[in-house]
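Following: one structure in structure tokens, then a few remarks.
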Amino acid sequence: LLGVKVALGVLVGLWAFTREELYESEAEFFPPDLSAASPLLRDAALVPGSASDLERVYSYLSSRQVQLKLIDTFRLYEHYAIPATASPRKRARYVQKRLEQNLTLRFTRNSTILIQVQDTDPVYAYRIADFLLREAETFCKGVIRVEESLAELERQLQSLVAEMHTLEENLATLRTRHRILTAGEQRTGIVQLGSPEALAFYDKVLSQETRLVRLQEAYADLLEEKYRRENFLRTYPQSIFVVQPPFLPPFPVNFHPWLVLLVGTLGGFLATLLFLMYAHHVGLISPKPLPQAQEAEASLPSLIR
């Protein structure tokens with residue numbers, strides 16, 4: 008039993024001293040309500056998401072697409088020292104196994120998503136956790152389409168400005184060349200004498216003026232909508248609610264080898280002691296009698312006779 012205890016202590020020591028030190032970085036967040044956060048809605052706001060929103064973001068972070076992007080971004084084949092001579096299937100299987108060991112995604116009791124990354128390099132652990140947090144934010148922004156909607160609004164405004172500029176130039180040319188004056192909404196006009204051909208362009212001038220007024224009204228509405236969406240972006244610069252941002256781990260999370268060796272040795276000693284006590288209790292181990300006790304037992308029958 009003592010030999011087994013010593014052997015177990017040696018094995019625990021070898022395991023403790025050959026194990027790599029792991030650093031852990033964490034990030035915790037929860038997504039918004041992806042159905043009500045679109046800036047296309049008049050009363051758009053970021054509110055905490057429901058269980059379906061958590062599952063959508065969790066499924067995206069666990070997808071093969073994000074894993075492949077993670078492998079390519081951080082060159083995990085070289086980082087995990089996977090030999091290039093191995094077959095592609097073996098390399099993919101090995102890096103998948105390492106990701107399953109070092110990367111954890113789970114729901115917490117507070118209805119948040121917790122990202123835990125362990126790595127032998129603290130910088131890698133921090134950068135991978137930050138990468139996954141940014142991927143979650145990119146996914147939510149892709150659903151909400153905040154920047155895309157604002158960019159589309161900018162294109163619409165530029166198109167309106169270009170069309171209004173063209174109409175204003177045409178109207179200026181017609182009024183200058185043919186001296187056509189209109190009275191606005193009354194649809195009445197004054198045609199200068201000395202320009203008989205102005206009558207042929209009068210209806211065209213009225214049509215373009217009406218079109219210009221409608222474009223100016225649409226431009227004012229789009230400009231107000233642009234200010235509203237820009238205010239939405241200023242109010243909610245992030246599309247997710249970050250509870251715990253990633254951090255650079257200052258020390259490894261696994262135990263010190265000497266502590267593991269000490270605990271393993273003491274644990275083996277206590278287990279051996281308990282086993283010996285149990286064996287003695289059930290009668291597997293009994294103390295040998297002393298020589299005086301053996302002589303007394305041998306002479307006991309004669310005394311009885």
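Residue numbering for the sequence shown is 8 to 312, as defined by our numbering. Yeah, the Cβ is synthetic: ideal placement off N, Cα and C, and Gly gets one too.
Here's a check: name, in chain order, each residue in its chain whose Cβ is nearer than 7 Å to the Cβ of residue i, leaving out the five neighbours to either side.
i, result
"E27", "T127"
"Q245", "E144"
"E85", "none"
"E170", "L222"
Looking only at its own chain, which residues have a Cβ that is under 8 Å from the Cβ of residue i, when we skip the five neighbours before and after it?
i, result
"A225", "L167"
"L160", "L229, E232, K233, R236"
"F81", "Y131, R134, I135, F138"
"E33", "L121, I122, Q123, V124, A136, Q251, P253, F254"
"R218", "L174"
"N177", "Q215"
Quick one: grab the DSSP three-state call for residue i.
i, result
"R194", "Note that R194 scores a pLDDT of 48, beneath 50, so its modelled location is shaky and nothing firm can be said."
"L111", "For the record, residue 111 in the displayed sequence is Thr; it is not Leu. T111: strand per DSSP, three-state reduction."
"L106", "helix"
"P244", "coil"
"I151", "helix"
"Y30", "strand"
"P55", "strand"
"F37", "strand"
"V220", "helix"
"L255", "coil"
"I120", "strand"
Enumerate in chain order the residues of its own chain whose CB-to-CB distance from residue i is below 6 Å, with the five nearest sequence positions on each side excluded.
i, result
"D137", "P253"
"A52", "none"
"G201", "Because the pLDDT of G201 is 43, which lies under 50, any placement of that residue in the model is unreliable, and the question is left without a value."
"R194", "Bear in mind that the predicted position of R194 carries a pLDDT of just 48, short of 50, making it unreliable; the figure below should be weighed with that in mind. Correct list: empty, nothing qualifies."
Relative to the C-alpha of residue i, which candidate in the options has its C-alpha closest?
i, options, result
"L68", "Y84, Y87, T145", "T145"
"Q165", "P257, G149, L140, L222", "L222"
"V124", "P256, A14, A286", "P256"
"Y30", "A58, P129, A43", "P129"
"L110", "S118, Y243, R116, I78", "I78"
"V220", "G10, T183, H172", "H172"
"A14", "M284, V289, L280, F276", "F276"
"R116", "D50, A58, R71, Y285", "A58"
My assumption, with CB atoms under 8 Å, is that residue i sits in contact with residue j. Please give the rounded CB distance.
i, j, result
"F114", "L41", "Contact flag wrong, Cβ pair sits at about 17 Å."
"F36", "V260", "Contact doesn't hold; Cβ gap of about 21 Å is too wide."
"E73", "Y87", "Sequence check: residue 73 is Val here, not Glu. Between Y87 and V73 the Cβ distance is about 18 Å, and since that is not below 8 Å, they are no contact."
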